[in-house]
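The sequence shown stops at residue 220 when you use numbering that gives the first Met the number 0, and every number in between is there.
C-beta atoms are modelled at their ideal positions from N, C-alpha and C, and glycine is treated no differently.
None of these values were measured; they are calculated from a predicted model.
Presented below is the structure to which this report refers.
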Amino acid sequence: MKKRGVQWALLLGVLLFLVACSGSIVTELYFSDIFEIADDYNLVAFTKATIEIETLSEEQDEELNNKIREWFRDAKNFRTISRDFSSYLVADIKIPIINYANWQFDSSKDLITLLVDLDDEETILLGFSFSEEVFDKINDYLFKTYFTTLKITDWAFTIEVKNDTKEEQVIDLFGVYANQEPILYGKPFYLDPRDSLQIRFGDILRDYAYQNGEAVFGVIY
């Protein structure tokens, strides 16, 4: 009996760490999409993104793959990668970009939605929203299947902003890491045509958006 108890304990320990140590989403955001959506609140764009979920197995879990297809748009190209002695399940997905005034779009179906808002001074606010519904679905499945969950603090979100226009663009950022530089208060970044800027949400910004549903991280003048 004692031996069997030890075996069950070991099995449970393996299950606890098979999946869901951390998660991340990296997506693209183009200035041309920003300007078009700012001018047309009915317009919706879907940009490329990649999701990673850390696992301790290099074998793909087809059931988990199918769940990712349920949770994220156009999930495909599933693969496993190794980095820093850890394994990750990776998939390509799509992330919606909408105008803040677009009340018809149901953003509760997407874990993260990028928001564009043209204010009265002709500046464009950049933000994002989280879906508590999708977070709950992910954690319900992970808990029932692997006896674990992914807290918001286990997630990292990164945006690659790309200037695909023919003019220099200026973006003011706050509460993020811009090309690994921590930005607390507003700081302008100048992007020449074809330049890009890596933006990673800071912990406070991410946690605030989770508690309040949405947050703003940048302004385009």
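What number of angstroms, rounded off, separates the C-alpha of residue i from the C-alpha of residue j?
i	j	result
Leu158	Thr164	The sequence given here places Ile at residue 158; Leu does not occur at that position. Answer to the nearest angstrom: the Cα atoms are 18 Å apart.
Cys20	Glu120	43 Å
Phe127	Phe134	15 Å
Thr144	Glu166	50 Å
Leu63	Tyr220	42 Å
Phe156	Gln210	16 Å
Trp154	Ser81	18 Å
Ser85	Asp39	43 Å
Asp116	Asp139	33 Å
Asn76	Tyr207	32 Å
Gly12	Ala37	Low local confidence applies: a pLDDT of 41 at Gly12 is under 50, so the model's placement there is unreliable, with the coordinate-based value given in what follows. If you take the alpha carbons of Gly12 and Ala37, they lie about 50 Å apart.
Quick one: what's residue i bridged to in DSSP?
i	result
Tyr176	Pro181, Arg199
Asn98	Val115
Thr148	Answer is none; Thr148 lacks a bridge partner.
Asp171	Pro187, Val218
Tyr87	Glu53, Ile80
Can you tell me where the beta strand (DSSP E) with residue i in it begins and where it stops?
i	result
Glu213	213-219
Ser128	123-129
Thr164	Counting along the chain, Thr164 falls outside any beta strand (DSSP E), and DSSP gives it neither H nor E.
Phe104	Counting along the chain, Phe104 falls outside any beta strand (DSSP E), and DSSP gives it neither H nor E.
Glu120	Run containing Glu120: none; DSSP gives neither H nor E here.
Phe45	43-54
Who are the near neighbours of residue i in its chain, counting only those whose CB is closer than 8 Å to its CB and skipping five residues on each side?
i	result
Tyr189	Glu167, Gln168, Val169
Asp202	Thr152
Near residue i, what residues of its chain come up, given a Cβ to Cβ distance below 7 Å and the 5 sequence neighbours on each side ignored?
i	result
Gly217	Leu125, Ile170, Asp171, Leu172
What span of residues does the alpha helix (DSSP H) with residue i cover, start to end?
i	result
Arg68	61-70
Phe34	30-38
Out of the options, which one is the CA nearest neighbour of residue i?
i	options	result
Gly22	Arg72, Phe84, Glu51, Asp109	Glu51
Gly185	Ala177, Pro192, Glu132	Ala177
Asp97	Ala90, Phe84, Ser107, Thr112	In the sequence under discussion, the amino acid at residue 97 is Ile, which differs from the Asp named in the question. It is Thr112.
Lys47	Ala37, Asp73, Arg68	Asp73
Gly212	Thr49, Glu131, Lys93, Asp191	Glu131
Val175	Asn162, Glu27, Leu196, Lys161	Leu196
Leu114	Tyr207, Leu28, Ile24	Leu28
Lys136	Lys108, Ile198, Val89	Lys108
Glu180	Arg199, Pro192, Leu141	Arg199
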